[in-house]
Amino acid sequence: MSKDKKTLTVIGSGPAGMMAAITAAGNGMEVTVIEQNEKLCRKIYATGNGRCNFTNLNWKGDVIRSGDVKKALKIIKGFDNKALIEFFDKLGVPAKTIGDYVYPNSEQALSVAEALICEAKQLNIKLITNEKALDIKNKNNSFEVYTDLGRYISDKLLIAVGGKASPIHGSDGNLNKKIKELGHHISKQMPALVALKTDDKKLEKLAGVRVKCKVFLDIDGKAVNNESGEIIFNKGNISGIPVMILSRYAALAFDEKKKVKLVIDFFPELEEHVLTEKLQQLFYNTKVKNKTAYEVMIGYLNNKLLDYCLRNSGINPDKPAYSNKHKNIIELVSLLKNFELSVKATEGFEKAQVSLGGVPLSEVNDKLESMKIPGLYLAGEILDVDGSCGGYNLQWAFSSGFLAGSDAAK
Ligand SMILES: Cc1cc2nc3c(=O)[nH]c(=O)nc-3n(C[C@H](O)[C@H](O)[C@H](O)COP(=O)(O)OP(=O)(O)OC[C@H]3O[C@@H](n4cnc5c(N)ncnc54)[C@H](O)[C@@H]3O)c2cc1C
-8 MSKDKKTLTV IGSGPAGMMA AITAAGNGME VTVIEQNEKL CRKIYATGNG RCNFTNLNWK
52 GDVIRSGDVK KALKIIKGFD NKALIEFFDK LGVPAKTIGD YVYPNSEQAL SVAEALICEA
112 KQLNIKLITN EKALDIKNKN NSFEVYTDLG RYISDKLLIA VGGKASPIHG SDGNLNKKIK
172 ELGHHISKQM PALVALKTDD KKLEKLAGVR VKCKVFLDID GKAVNNESGE IIFNKGNISG
232 IPVMILSRYA ALAFDEKKKV KLVIDFFPEL EEHVLTEKLQ QLFYNTKVKN KTAYEVMIGY
292 LNNKLLDYCL RNSGINPDKP AYSNKHKNII ELVSLLKNFE LSVKATEGFE KAQVSLGGVP
352 LSEVNDKLES MKIPGLYLAG EILDVDGSCG GYNLQWAFSS GFLAGSDAAK
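According to the numbering used here, the sequence shown is numbered sequentially starting from -8.
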């Protein structure tokens, strides 16, 4: 490395590391990125089902979760969704918005990954792959990173190794011990944005069913949160965006050995008494007296789910609708509005998109510099910030990476 330029080593080539590297190099630093994978930006290629939902236009509500949400949002504001969209536009990746979700216009995650790699090369960033950082020493106002193959010395250091989610992409907490040795804490990391495991027998009959509904997360008998959207019943688990969003709260409850269940409302737009009246009209309509219970409700719900709900309310789907008692219709409505599924665990880090927990934001300043060691920066998912589905996690990684890279270059 040349003597006149300030130097920065970045550990991790995820969105946080790459953004920091590009920003620091753009501001005159000499930057080296160390990545243990053979491929740079490996996780980015897999994001958004291969489409990379890199930010969102809607920032209302509980979209960012952290021990210090206010500080996380302040950091994001320092390089917000508009700035990120503009940044990618300049790199030849214009945005496409679907609802509030923002993707590259190509709808290919590789556009984002390759644009970052291309920009890093343009800026002469040294991109080292297939090398794993094993140790970090902070001596005489400089940093030494020891990898399995060599040693890197720099004025400043950024740790952007991600959390523990999706270890297949390289983030597995392997540097946590070293981060702690540097004086930082790491609050317990748990899977978030993940499917929930269940051994509820109902799912044996309902595997493969997709249904739009409202899902309530019930912890120790109390509904604590809810989300709406499409859920998917699978053998052994339940997935879909609403379940994934609720999963981080479920993970915390499992950790505290609390009882967790999902309560599903298949007709959230209809109040219980309105649905009851509707079904009574359907079942006791004399004009359709030869139709079965299943036939009068055929278009109301996925057929497997309808059959299951009818049978479990004491209604024979194959018998005439009118032959059923009022009390069975009441039972049916109760099941359709309060369908309970006990859940016992998350599907774990392997299947999770992000992890909650990490280095508390109280241990870095607003520019992501460590309060323990000047010149050391932390950015991205290694910090105690996780976002909802919809591009919030990538925005966090890019925002924190940008601020860290800009500040390191000052
Ligand atoms: C399947 C999937 C889909 C997703 N889709 C979306 C989406 O559409 N929108 C969204 O906002 N978020 C999405 N996410 C979440 C998002 O990808 C992450 O939050 C984000 O990538 C975190 O960025 P990061 O830079 O902090 O860490 P990471 O992206 O995890 O990168 C960390 C990097 O550090 C490297 N590393 C780790 N340890 C070492 C070491 N010791 N030495 C050298 N290198 C090391 C790793 O190999 C890795 O490349 C998705 C995640 C997954 C798994």
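Cβ atoms here follow ideal geometry from the backbone N, Cα and C, with glycine treated the same way.
Note that the structure is predicted; figures quoted are calculated from it, not measured.
Kindly identify the DSSP beta-bridge partner or partners of Asn228. Residue mapping note: residue 228 aligns to position 237 of the sequence shown, counting from 1. Per DSSP, Lys188, Asn225.
Just to confirm my understanding: we take Val84, look at its own chain, exclude 5 residues before and 5 after, and list those with CB closer than 8 Å. What are they? Working through the sequence shown from its first residue, we reach residue 84 at position 93. Around Val84: Pro95, Asn96, Ser97, Ser102, Val103, Ala106.
For Leu208, does the three-state DSSP call read helix, strand or coil? Taking the sequence shown and counting its residues from 1, the one referred to as residue 208 is at position 217. Reduced to three states, the DSSP call for Leu208 is strand.
Taking the CB atoms as reference points, tell me whether Ser346 and Lys155 lie closer together than 7 Å. Within the sequence shown, numbered from 1, the residue matching residue 346 stands at position 355. Within the sequence shown, numbered from 1, the residue matching residue 155 stands at position 164. Going by C-beta atoms, Ser346 is nearer than 7 Å to Lys155.
So, for Leu(-1): in the same chain, excluding its five sequence neighbours on each side, which residues have a beta-carbon less than 6 Å away from its beta-carbon? Along the sequence shown, read from residue 1 onward, the residue named residue -1 stands at position 8. Excluding residues within five positions, the ones whose Cβ falls inside 6 Å are Ala15, Met20, Val22, Ser145, Lys147, Ala399.
Unbroken beta strand (DSSP E) runs of length 3 or more, entirely within the region -2 to 51: which are they? -2 to 2, 21 to 25
From Asn217 to Lys117, what distance separates their C-alpha atoms? In the sequence shown, residue 217 corresponds to position 226, counting from 1. In the sequence shown, residue 117 corresponds to position 126, counting from 1. One C-alpha to the other measures close to 46 Å.
Hey, is Asn165 close to ligand 1, as in C-beta under 6 Å from one of its heavy atoms? Residue 165 sits at position 174 when you count from the first residue of the sequence shown. Yes, since a heavy atom of ligand 1 falls inside the 6 Å radius drawn around the Cβ of Asn165.
Would you be able to state if there are at least three C-beta pairs under 8 Å between the region 41 to 55 and the region 72 to 79? yes
Beta carbon of Asn293 nearer than 7 Å to that of Ser304: Stepping through the sequence shown from its first residue, residue 293 is reached at position 302. Stepping through the sequence shown from its first residue, residue 304 is reached at position 313. No, the pair does not count as a contact, with Cβ atoms beyond the cut-off.
Which residue wins for smallest C-alpha separation from Leu270, given the options Gly39, Leu327, Ala395? Within the sequence shown, residue 270 is the residue found at index 279, counting from 1. The option with the nearest alpha carbon to Leu270 is Leu327.
Quick one, are the C-beta atoms of Asp139 and Lys123 less than 7 Å apart? Mapped onto the sequence shown, residue 139 falls at position 148. Mapped onto the sequence shown, residue 123 falls at position 132. Yes, they are a contact pair.
Closest to Ile321 by CA distance: which of Ala183, Thr283, Cys300 is it? In the sequence shown, counting from the first residue as 1, residue 321 sits at position 330. Comparing Cα positions, the closest option is Cys300.
Using beta-carbon positions only, say whether Leu149 and Ala395 come within less than 7 Å of one another. Sequence index remark: in the sequence shown, residue 149 carries index 158 (1-based). Sequence index remark: in the sequence shown, residue 395 carries index 404 (1-based). Cβ distance < 7 Å, so Leu149 and Ala395 count as in contact.
Assigned exposure category for Ile13 - 16 Cβ within 10 Å defines buried: Working through the sequence shown from its first residue, we reach residue 13 at position 22. That one is buried.
Would the beta-carbon of Pro259 be found less than 6 Å away from any heavy atom of ligand 1? Reading the sequence shown from its first residue, position 268 is the one you call residue 259. Checking the Cβ of Pro259 against ligand 1 gives no.
Please name the residue, chosen from Asp246, Tyr36, Asn121, Lys363, that lies closest to Asn28 on a Cα-to-Cα basis. Taking the sequence shown and counting its residues from 1, one reaches residue 28 at position 37. Per the Cα distances, Asn121.
From what residue to what residue does the beta strand (DSSP E) around Lys328 run? To locate residue 328, count along the sequence shown from 1; it is residue 337. Not the beta strand (DSSP E): Lys328 falls in the alpha helix (DSSP H), residues 317 to 328.
In this structure, how does DSSP classify Gly220 when only helix, strand and coil are distinguished? Taking the first residue of the sequence shown as 1, we reach residue 220 at position 229. It is a strand residue.
From Gly231 to Glu221, what does the alpha carbon distance come to, in whole angstroms? Residue mapping note: residue 231 aligns to position 240 of the sequence shown, counting from 1. Residue mapping note: residue 221 aligns to position 230 of the sequence shown, counting from 1. Rounded to the nearest angstrom, the two C-alpha atoms are 6 Å apart.
Alpha carbon to alpha carbon, how far is Asp209 from Val215? Give it in angstroms, no decimals. Your numbering for residue 215 matches position 224 in the sequence shown. Your numbering for residue 209 matches position 218 in the sequence shown. Their backbone Cα atoms lie some 6 Å apart in a straight line.
Under 6 Å from any heavy atom of ligand 1, does the C-beta of Lys123 make it? Here residue 123 refers to the residue found at position 132 when the sequence shown is read from its first residue. Yes, Cβ of Lys123 sits closer than 6 Å to a heavy atom of ligand 1.
Neighbourhood of Arg239 by C-beta distance below 6 Å, restricted to the same chain and skipping five residues each side: Position 248 of the sequence shown, counted from the start, is the residue given in the question as residue 239. Excluding residues within five positions, the ones whose Cβ falls inside 6 Å are Ala183, Leu347.
Would you grab the beta carbon distance between Ala151 and Ile373 for me? Rounded to a whole angstrom, and I think it's under 8 Å. Within the sequence shown, the letter at position 160 stands for residue 151. Within the sequence shown, the letter at position 382 stands for residue 373. Indeed, because the Cβ distance is near 7 Å, the residues count as touching under 8 Å.
Alpha-carbon spacing of Pro351 relative to Ala241, whole angstroms: Position 360 of the sequence shown holds residue 351. Position 250 of the sequence shown holds residue 241. For Pro351 and Ala241, the distance between alpha carbons rounds to 21 Å.
Check whether the Cβ of Gln271 lies closer than 6 Å to any heavy atom of ligand 1, and answer yes or no. Your numbering for residue 271 matches position 280 in the sequence shown. No.
Which residues DSSP lists as bridging Pro95, in chain order: Residue 95 sits at position 104 when you count from the first residue of the sequence shown. Partner(s): Ala86.
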